[in-house]
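I have placed the structure first, in the form of C-alpha cells, so that the comments after it can refer back to it.
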Amino acid sequence: MNIKRLSVLLATLTLSVVEWSCSPAQIFSSTPVAQQADRGESVEAALFREVNAWRTAHGVKPLQRHSGLDQLAREHSEFLRRNRGDFDKKWKKLSHADFDDRARIAQKNYQLGAFGENVVTAYSSGSSPAKQLLGLWVDSRPHARNMKAKWWTQTGIGVVVDSDGALFATQIFATEKPGMSR
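Read left to right, the sequence shown gives residues -21 to -1, 1 to 161 (mature numbering (1 follows the signal peptide of the UniProt record, and there is no 0)).
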C-alpha cells in the first residue's frame, strides 16, 4: 500500500506551518469543472456546519456566514489551486499571500473589523471531506484557537476542488465594527 505524503500549511494570524503525514488518500477521478464547482460549494456548506457544530460543542456561539467573505475565501482557494507547487519551500503548497488585501477589501466593502484566516489542502480520504478538513484544523492548536475565538462573529468559506481531487480550503473570520450590524 502506498503512503502519500500530505503537506498542509495551516495558518492563523501567526502563520503557523504544520506538516502532516496521512494514510493513503483516495484520489477522485477527473471531474468536469461544473461538477467540481458544485462539489466545492457542497463542501463549503458542510464545512460551515461542521465548524459551527464544533464551536457550539466548545461553548462558543456559531458564526454567521457572510457572502462577501465567502467570495474572498473562494478566490484565495482558487489562487492556491492555480499556484499549487509554485510556492517556495517554506510555504510548501499553501500561502497566505495577499491576506492584508483581503482584509482591506472586507473592511472597506463590508464594514467589518478584525480578521483571521485558516487555510488547508488535502486529498479527500472518504465520504466526508468537510469533517476531514475540520479535523486538520482542530488538530492544530493555533487553528483550533482561531476557530474557537469568541470575538469572531462572521465567516466566509471557500473550497476549490482540483481535477485530481485535491481540496483547497480557506476560512476567513471577521468581527463586526462596533455600532455596525448586518
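Glycine included, C-beta positions come from ideal geometry on N, C-alpha and C. Since the structure is predicted, the reported quantities are computational estimates derived from the model, not experimental observations.
Note that the C-beta distance between G144 and S103 is below 8 Å.
As a beta-bridge residue in DSSP terms, E96 pairs with I151. Three or more Cβ pairs closer than 8 Å define a contact, and the segment 115 to 122 falls short of that threshold against the segment 79 to 92. The continuous beta strand (DSSP E) containing V138 extends over residues 133 to 140. The distance from the Cβ of V30 to that of L42 is about 7 Å, consistent with a contact at the 8 Å cut-off. The Cβ atoms of L91 and E23 lie no closer than 8 Å to each other. Note that the C-beta distance between L113 and A101 is not below 8 Å.
Sixteen is the threshold: when 16 or more other Cβ atoms of the shown chains lie within 10 Å of the Cβ of A153, as they do, the residue is buried. Within a 10 Å sphere around the beta-carbon of A109 sit 16 or more other beta-carbons, which makes this residue buried.
V117: member of the alpha helix (DSSP H) spanning 108 to 117, first to last residue. For a cut-off of 8 Å, the C-beta gap from T132 to V98 is around 21 Å, too long to register as a contact. DSSP, reduced to helix, strand and coil, places Q43 within a strand of the structure shown. Membership of R83 in the alpha helix (DSSP H) is indicated by the continuous run 78 to 89.
Taking a contact as a CB-CB distance under 8 Å, the pair E96 and H75 counts as one, their CB atoms being some 6 Å apart. Note on N88: under 16 other CB atoms within 10 angstroms of its CB, so exposed under the neighbour-count rule. Between D141 and R60, the CB-CB gap stays under 8 Å. Under the three-state reduction of DSSP, A145 is assigned to strand. In this structure, the alpha-carbon of G38 lies about 12 Å from that of M126.
In this structure W33 is buried. Its beta-carbon is surrounded by 16 or more other beta-carbon atoms within 10 angstroms.
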